[in-house]
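Data block below; observations after.
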Amino acid sequence: MMHGRILKGVGGFYYVHCAEDGLIYACRARGLFRKDGVKPLPGDRALFEITHEKDREGSIIEIGKRDNVLIRPATANVDRVLVVFSVKDPDPNLNLLDRFLIYMGAQDIEASIFFNKEDIDQEGFGDHLREIYESAGYRVILGSVRDGDTKEEIEHVLSGHTTVLAGPSGVGKSSLINLLHGAELSETGELSEKIRRGKQTTRHTELFTIGKDTYILDTPGFTSLSLSELKIDGLRSDDIKYYYDEFGKYYPDCRYNTCNHIHEPEEICAVKRALERGEIHRERYEDYVQIYEEMKASERR
């Protein structure tokens, strides 16, 4: 028996990176998985046997215990996420970024942020973005996939982990994978001139190995993240504030511990007072309000 990690599933085959010899084997899953309602996922630890050594084919015998499972993207055993957005071209949708961060935070997955395309950022908007999210407690990398220093910094963040790359199309995720792996593994696409939005270039979720015990998962690009996807394990509107870490130090000064920092007046809400003093970034606060109100309305329905 051999041990490995499932890299991807395509056409009924699961491609397993073998821990013992470093080779990749195309494996079928035994029928017992279908019987038990278990579907192997990229990131799964698998026990498999080799059926045709010359053709590197095998059969998956067992799926190891999962640390976690993400529904979107459908992956297992992820221990961190690198959310990739561009500084411009396309312009970043910070509301979508905040939804990603809530989604991952609700599953106790550590998030870092990479703002790509700094090389075309003539206005210095990237510095503003970095300041917003560093003050919110996130590790932020501002750079370009064309820059060697950026590659080194990202490799340091990813080393020894299984990381999912998340973000909308056209921001450079596939180019980043090619840079890190040193080969043109992911098809890269030109940005649509007509709508200035990325064409979809990644068609399935796939795990890539980029070093010892270091994997990255490329995923189809996201243009939205629905409220139903945010409702992880019963997450409700009143929980959203806990995923805005920059609010936390002001909670003790709110008059009521049930304060949601929205409809309460400033005299009883310390978060609102901090907002007016410029200690909390208004972009983040306004996204919080929008997400909270959308989820609250959904709960009423």
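For the sequence shown, counting from 1, position 245 maps to 704 in this note's numbering; every step adds exactly one.
For each residue, glycine too, the CB sits at the ideal point set by N, CA and C.
Just so we're clear, the structure is a prediction, and the values are computed from it rather than from any experiment.
In the displayed model, residue 716 falls within coil according to three-state DSSP, outside both helix and strand. One thing to note: residue 620 has its Cβ within 8 Å of the Cβ of residue 673. Within the stretch 470 to 496, the beta strand (DSSP E) runs of at least 3 residues that lie entirely inside it are, in chain order, 472 to 477, 483 to 488. Residue pairing from DSSP leaves residue 706 without any beta-bridge partner. Our two residues, residue 472 and residue 739, have alpha carbons roughly 49 Å apart in a direct line.
Counting C-beta pairs closer than 8 Å gives fewer than three between the stretch 550 to 564 and the stretch 705 to 714, which falls short of the contact rule. By the Cβ neighbour-count rule, residue 513 is exposed, with fewer than 16 other Cβ atoms within 10 Å of its own.
Under a 10 Å Cβ-count criterion, residue 551 is classified as buried, with 16 or more other Cβ atoms of the shown protein chains found around its own Cβ. Inclusion of residue 757 and residue 686 in the CB contact set at 8 Å is warranted, their separation being smaller than that value. Under the 10 Å beta carbon count, residue 575 is surrounded by 16 or more other beta carbons and is classified as buried.
With distances taken between CA atoms, residue 538 lies nearest to 675 out of 553, 675, 519, 531. For residue 527, there is no enclosing beta strand (DSSP E), as DSSP marks it with neither H nor E. In the structure shown, residue 516 falls within a strand segment according to DSSP collapsed to helix, strand and coil.
Out of 508, 543, 733, 579, the CA that lies nearest to the CA of residue 633 is found in 543. C-alpha of residue 751 to C-alpha of residue 549: approximately 26 Å in a straight line. Annotation for residue 744: 734 place their beta carbon closer than 6 Å to its own, counting only its chain and skipping 5 residues before and after.
Counting every other CB atom within 10 Å of its CB across the protein chains shown gives residue 579 a total below 16, marking it as exposed. 8 Å or more divides the Cβ of residue 565 from the Cβ of residue 540.
The three-state reading of DSSP puts residue 467 in strand, counting E and B together.
In the three-state DSSP reduction, residue 571 falls in the strand class (E or B).
In the DSSP assignment, residue 602 falls outside any beta strand (DSSP E), carrying neither H nor E. The closest CA to that of residue 525, considering only 531, 507, 497, 515, is found on 497.
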